[in-house]
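The sequence shown maps to residues 0 to 329 in numbering that gives the first Met the number 0.
Written out below as structure tokens is the structure these notes cover.
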Amino acid sequence: MLRVGGWMTHIEHDWDSPIWRHWLRELTRDHTLARFDIRGSGLSDRDVNGQTLEAWVRDVEAVVDSLGWRRFPILGVCQGAAIAVTYALRHPERVSHLILYNAYSCGAFSEGMSKYRVEEAETLARMIEIGWGRKTGAFREVFARLLSPSDAPDQITWWDDLQRLTADRSTAAGLWRGFHEIDIRSQLPKLQTPTLAAHVKADNMVPFEAGRDLASRIPDCRFLPLEGRNHILQPHDPGWRPFIKEIRRFLDDNPLRGVIQPSLFHELTRRECEVLEQVARGRSNTHIADTLSLAPKTVRNHVSSICGKLAISTRSELVVEARNAGFGDE
């Protein structure tokens, strides 16, 4: 599994951090977990330019290429969710599952956002430039209440430590502004990777409605509301165990895994196999029609026929089974 996060991670320190260590402990029980710090923070190079979605996706591509992994699930945390989605859209053959946690589809600086949201985001950016890493001041109180409204003094101290360890003020403010430039609304309906979106109901950092809106735009997405108040769920939060349980069910209990007999694929015609190859690569019906010189309606009919022969009800399920059968390898 690849974890794609936003800011305030440190791949060396996270195992000692009360904020992250229970996440790492659970996620490594059943999987090899790959992590990296977003550019400009943690153990990644600090002197970098371009805090943009495009740059972050290129960084994921570099990490995955260095790992040499063929197919794997991705966990996208908060801002990392948009990065994970964009990577999955570009490389559908490599991503088996997407898990999106406290995700959003568009930031405050996106088109159509209210003046209030823009001003609020810019105000927090200026507060970051002034108060990041300080143990006193208004920024510390505001930020702590956004991340950990449970009022636990030790949690506030943990966030103080993470701020100092992960980034300087200028980088943190640049990341904050970059995160609010994210806008993947138009891309979400194109996503065909099996997706689980989970969101803390009382999250103050990313509103619950933002997560529900994102999930509603993704075909066949599972949406899991989580009880709790902390932006990063803690072991005592009531939503923590259900979240971990659902991740395991989503990844390990795929109802289609092993159900379809390989012989059923032999019932497909040559043309249906050509169409299925394109479907497995994440292509839309329009793209497939252009590639194979077919009418879009003909492609739809072929896809329906394939689903009927394989007893599959959704396109995302078809993609999973096709890839398991060896289709979609480029």
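For glycine and all other residues, C-beta sits at the position ideal for the given N, C-alpha and C.
Let me check understanding here. Comparing Cα to Cα, which of the options lies closest to residue i?
i    : options                : result
M204 : R240, R168, Q78        : Q78
E92  : G307, I129, D236, G281 : G281
K244 : A197, L263, R211, G210 : A197
S283 : D167, F178, K189       : K189
I73  : D44, D289, T31         : T31
R20  : Y115, W157, D289       : W157
P148 : G132, K200, Q277       : K200
R125 : A209, S169, S215       : S169
C105 : G210, E60, E118, V62   : G210
E118 : G75, H179, E60         : H179
R116 : R176, D64, V62, S43    : R176
D36  : S113, Q50, R28         : Q50
V76  : L232, K134, F142, S185 : L232
M112 : I217, R184, I18, R248  : R184
T268 : E53, W239, S304        : S304
Would residue i pass as a contact of residue j if the rule is Cβ separation under 8 Å?
i    : j    : result
T165 : L97  : no
R2   : R38  : no
L213 : L187 : yes
A321 : L291 : no
L225 : P206 : no
L250 : R221 : no
E266 : K308 : yes
M0   : L23  : no
W6   : L174 : yes
G227 : P234 : no
A288 : V298 : yes
S315 : D219 : yes
V318 : V278 : yes
A120 : A107 : yes
K134 : D159 : yes
D29  : R248 : no
A143 : I155 : yes
Grab me the residues of residue i's own chain with a C-beta within less than 6 Å of its C-beta, minus the 5 sequence neighbours each way, in chain order.
i    : result
H9   : G41, L164, T165
A80  : L99, A102
H230 : L146, D202, M204
S16  : none
L161 : M7
K171 : First, the amino acid is wrong: residue 171 is Ala here, not Lys. Taken in chain order, the residues that qualify are I127, W131.
A310 : none
R70  : R93, S95
V62  : F35
E271 : H301, I305
Please go through the same chain and pick out, in chain order, the residues whose beta-carbon is closer than 8 Å to the beta-carbon of residue i, but skip the five residues on each side of it.
i    : result
E110 : D182
V56  : I82, T85, Y86, R89
S312 : C306
With DSSP as the reference, identify every bridge partner of residue i, one or two as the case may be.
i    : result
H179 : In DSSP, H179 forms no bridge with anything.
F222 : A196
V2   : The question names Val, but residue 2 in the sequence shown is Arg. Paired residues: R34, L74.
Y100 : V76, A197
C105 : D182
V94  : F71
Can you list, in chain order, the residues of its chain whose CB lies under 7 Å from that of residue i, leaving out five sequence neighbours each side?
i    : result
T285 : P295
V59  : V3, I82, Y86
F326 : L275, E276, A279
L66  : A33
Quick one: is the Cβ of residue i within less than 7 Å of any heavy atom of the ligand SAM?
i    : result
P237 : With respect to the ligand SAM, the structure offers nothing, as it holds no ligand at all.
Inset, instruction - Ignoring anything shorter than 3 residues or poking outside the region 9–85, list the beta strand (DSSP E) runs there in chain order. - result: 71–76
Legend entry - Ordered list of alpha helix (DSSP H) runs contained in the region 107–143, each at least 4 residues: 114–130
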